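Structure record follows, encoded as structure tokens.
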Amino acid sequence: MTIVENGSEKRELAGKRALVTGGSRGIGAAVVRQLLDAGAEVLTTARSATSTVPEGAAFVEADVRTRAGAEALASAARDMLGGVDILVHNAGGGQPYKDSAAIPDEEWQDALNLNYLASVRLDSLLAPGMRERRSGRIVHISSAAVLTPVGPFLHYTTAKAALENYSRGLASELAPFGIRVNTVSPGRVATPGGEATREEWARLALAPGQTNADDTTPLGRDGRPDDIADAVLFLASDRASWLTGSNLIVDGGEFPRG
Ligand code: NDP
């Protein structure tokens, strides 16, 4: 979207510096593309570079599950962008097991590191710069599956539920500094990660009710990465200037609302 400022047109996020985790494919790549289209300068990361990293984005390899990875990424963001105005925590995921008892200890730890602690660590490194500038937008990507958690996937939904609680608390803490913190919770979206999860669900032949992989959504189709990126871009823009601590559920109406 272009906006008119002092009589001249400019792209909505021109001059903004954005960091997106997991931007090499799926939802993250769509977010990177939309941020670039809106005029932002974008740095993204994944564990390895691929040809699907959107052209025009800077890329660094980092594993966000570790403190060392978060520190390397934060320092790359300071060196390459000079600071971060928009921080999108998108890297995440997990595979289902037969039931909750089958989830190994290390998978619980891994799920917490990837889907929850990665955001906590990176926020703690980059939010202080936003506080100094008294401006910033942070978006956490959770999952609508938190609304109906099931045993085979509890490591993942528990970590995302913690992320949502943390995101609301961080929003209260940072609001006085002009920093908005929000969550987007996707339903099922056609991405490499989403498809792999659904294939594994099918392979395990889980009982009905243990999986949401069977039907489509009330709106008649699965999500596209750009459906989620649209919500992220809205939250990152001034159009959401009075929104903080919210959770946008973008799922085609699939999951029950409280
Ligand atoms: P994909 O698996 O398709 O893409 C994940 C991206 O994150 C890739 O770029 C991947 O690159 C990167 N990534 C994964 N692990 C790490 C890591 N440890 N460190 C750095 N980067 C990493 O995922 P989706 O696009 O499907 O999902 C994006 C987000 O949306 C996730 O948080 C997911 O939980 C959430 N979500 C997705 C849904 C769906 O149906 N697709 C539904 C609900 C929520 P690499 O592997 O090279 O590191």
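In my numbering, the protein residues as written are 1 to 258. Glycine residues also receive a C-beta, built at the ideal position from the N, C-alpha and C atoms. This one's a predicted model, so the numbers in the text were calculated from it and none came from an experiment.
Compute the distance between the beta-carbons of residue i and residue j, then report whether it is under 7 Å.
i: ALA46; j: GLY22; result: yes
i: PRO186; j: ALA30; result: no
i: ASN113; j: ILE27; result: no
i: VAL232; j: ASN182; result: no
i: THR44; j: ALA57; result: yes
i: VAL53; j: SER24; result: yes
i: VAL184; j: LEU126; result: no
i: GLY252; j: THR217; result: yes
i: ALA236; j: ILE86; result: yes
i: VAL146; j: ALA161; result: yes
i: ILE296; j: ALA144; result: What is shown of the chain runs 1 to 258, which leaves residue 296 out entirely.
i: ARG188; j: ASP230; result: no
i: VAL60; j: ALA70; result: no
i: ALA18; j: LEU35; result: yes
i: ALA40; j: LEU73; result: no
Would you decide whether residue i is buried or exposed? Buried here means 16 or more other CB atoms lie within 10 Å of its CB.
i: GLY82; result: exposed
i: VAL64; result: buried
i: MET1; result: exposed
i: ASN115; result: buried
i: TRP201; result: buried
i: GLY258; result: exposed
i: LEU219; result: exposed
i: LYS10; result: exposed
i: SER124; result: exposed
i: THR191; result: buried
i: VAL4; result: exposed
With distance defined between alpha-carbon atoms, name the residue in the options nearest to residue i.
i: GLU107; options: ALA118, GLN95, TYR116, LEU117; result: GLN95
i: GLY92; options: ALA236, VAL4, GLU12, ALA159; result: ALA159
i: ILE152; options: GLU173, GLU71, ASP227, ALA101; result: Strictly speaking, residue 152 in this sequence is Pro, with Ile absent from that position. Answer by Cα proximity: ALA101.
i: TYR156; options: GLU132, LEU117, PHE177; result: LEU117
i: GLU173; options: ALA205, THR244, PHE255, GLY193; result: THR244
i: ARG134; options: TYR166, LEU154, ARG180; result: ARG180
i: TYR97; options: LEU154, PRO128, PHE234, SER48; result: LEU154
i: VAL88; options: ALA72, VAL120, MET80, ASP105; result: VAL120
i: VAL32; options: ALA14, THR50, GLU55; result: GLU55
i: PHE255; options: PHE234, ARG239, ASP215, ALA240; result: ASP215
i: LEU170; options: PRO192, ARG131, LEU204; result: ARG131
i: GLU164; options: ALA14, SER246, GLU41, PRO128; result: SER246
i: ALA175; options: ILE103, PRO128, LEU35, LEU73; result: PRO128
i: ALA68; options: LYS16, MET80, GLN109, LEU122; result: LEU122
i: VAL20; options: ARG239, GLY193, ARG137; result: ARG137
Would you mind listing the beta strand (DSSP E) stretches within the segment 134-207 that are 3+ residues and don't spill past its ends, in chain order? 136-141, 179-186
Of all the alpha helix (DSSP H) runs that stay within the bounds of the segment 8-74, which reach a length of 4 or more residues? 26-37
Taking only runs that begin and end inside the segment 215-244, name each unbroken alpha helix (DSSP H) of 4 or more residues, in chain order. 225-236
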